[in-house]
Amino acid sequence: MIGKVEEYLLEKIQKEGTLHMTLVDPEMTSPQSAARIVQEAESCQSAAIMVGGSTIVSTSRLDRIVKAIKRTVEIPVILFPNNVTGISRYADAIWFMSLLNSTDPYFIIGAHVLGAPLIKRFNLEPIPLGYIIVGEGRVASVVGRAIPIPYDKPELTVAHALVAEYFGMRFVYLEAGSGAKQPVPPEMIQSVKRVTNLRLVVGGGIKTGEQVKQAATAGADIIVTGTIVEEYTATDKIRELVKNTKHPNVE
Ligand code: 1GP
Numbered sequence: 133m134i135g136k137v138e139e140y141l142l143e144k145i146q147k148e149g150t151l152h153m154t155l156v157d158p159e160m161t162s163p164q165s166a167a168r169i170v171q172e173a174e175s176c177q178s179a180a181i182m183v184g185g186s187t188i189v190s191t192s193r194l195d196r197i198v199k200a201i202k203r204t205v206e207i208p209v210i211l212f213p214n215n216v217t218g219i220s221r222y223a224d225a226i227w228f229m230s231l232l233n234s235t236d237p238y239f240i241i242g243a244h245v246l247g248a249p250l251i252k253r254f255n256l257e258p259i260p261l262g263y264i265i266v267g268e269g270r271v272a273s274v275v276g277r278a279i280p281i282p283y284d285k286p287e288l289t290v291a292h293a294l295v296a297e298y299f300g301m302r303f304v305y306l307e308a309g310s311g312a313k314q315p316v317p318p319e320m321i322q323s324v325k326r327v328t329n330l331r332l333v334v335g336g337g338i339k340t341g342e343q344v345k346q347a348a349t350a351g352a353d354i355i356v357t358g359t360i361v362e363e364y365t366a367t368d369k370i371r372e373l374v375k376n377t378k379h380p381n382v383e
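The sequence shown begins at 133 in this note's numbering and counts up one residue at a time.
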């Protein structure tokens, strides 16, 4: 069943075209600076806040950060879990994500079996998502034991995305890895967009308005940036990123 947050995202994509989401990594920030970043993100029209990071183990720290974010902004807060420790009762929704190119069943289905009852108990909205690590992969691929798909093999990424679609997932995420030197290439985004009907999320290494524009033009429905807003005083940067989600096909 489609919940409130997913409904909000789908409507917003329909109306506005590509969206921007701001990712907060609880290990890289304090509750105070998370609050500052998300306030700026909301004022720059970032569509939602994602909270997660590859190596989170402290759920109490995660809870503190999510609470601080919820106190500060109205836009939805969506968990981006690396493991069962990435679940917080204070968020609105959770990407219920399977790492499709992991070599370890734990990251494909195992953590999910452990986490699902908790998600139910906390009344979090699960949004089903196929997660595919490509290119450099970075820490996400080490932690998730994935074999990243090389950038020159878009057909393999398409095959994984089709699996997500046939399994009934509604979103697919092409992840280059946080801090990747080269974001997901537009050709790979295009290939996936052409073949599947899924909403397409793209992230990892996106730092400039130009890169946002390229990903949006290639067909990304949601563009996620994390590292860049930790490095800068966020407002100008986020404004630049959000502005460039609007590509020529969209008013
Ligand atoms: C990581 O795709 C996200 O999971 C964001 O990456 O930190 O490089 O923006 P960055």
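All C-beta atoms in this analysis are idealised placements derived from N, C-alpha and C, irrespective of residue type, glycine included.
Looking only at A272, Q343, R331, the smallest Cα-Cα distance to Q314 is reached by Q343. Taken from the Cβ of V356, at least one heavy atom of the ligand 1GP lies inside 7 Å. Counting along the chain, I355 sits inside the beta strand (DSSP E) bounded by residues 354 to 357. A direct Cα-to-Cα measurement between K144 and P258 gives close to 18 Å. For the beta strand (DSSP E) assignment, the uninterrupted runs of no fewer than 3 residues enclosed by the stretch 267 to 346 are, from N- to C-terminal side, 303 to 307, 331 to 335. Here K136 is exposed: its Cβ has fewer than 16 other Cβ atoms, across all protein chains shown, within 10 Å.
One Cα belongs to A223, the other to K339, and the distance between them is close to 26 Å. Nearest C-alpha to A167 among R196, S323, H152, G269: R196. Less than 8 Å divides the Cβ of L330 from the Cβ of A293. Within the same chain, and ignoring the five residues on either side of V271 in sequence, the residues whose Cβ sits closer than 6 Å to its Cβ are S186.
Leaving aside the five residues that flank L155 on each side, the residues in its chain whose CB is nearer than 6 Å to its CB run, in chain order, M182, V356, G358.
About 5 Å separates the CB atoms of T367 and E172; that is less than 8 Å, so the two are in contact. Going by C-alpha positions, L246 is about 12 Å away from G218. Here the alpha carbons of E206 and E139 stand approximately 16 Å from one another.
According to DSSP, residue pairing for L231 in a beta bridge involves Y263. Within the same chain, and ignoring the five residues on either side of P208 in sequence, the residues whose Cβ sits closer than 7 Å to its Cβ are V137, Y140, A180, D224, A225.
Annotated three-state conformation of V183 is strand, per DSSP.
With fewer than 16 other CB atoms across the displayed protein chains lying within 10 angstroms of its CB, Y298 is exposed. Shown here for T204: same chain residues with a beta carbon closer than 6 Å to its own, the five before and five after excluded, namely A167, V170, Q171 in chain order. DSSP places V156 within a strand segment (E or B) once states are collapsed to three. When Cβ pairs closer than 8 Å are counted between the two stretches, the stretch 229 to 238 is seen not to touch the stretch 250 to 257, the count staying below three. Counting other Cβ atoms within 10 Å of its Cβ, Q346 reaches 16 or more and is therefore classed as buried. Counting only residues of its own chain and dropping the five nearest sequence neighbours on each side, P286 has a CB closer than 7 Å to the CB of E319, M320, S323. Per the coordinates, the alpha-carbon of V304 lies some 31 Å from the alpha-carbon of Q164. Under the three-state reduction of DSSP output, P258 falls in the strand class.
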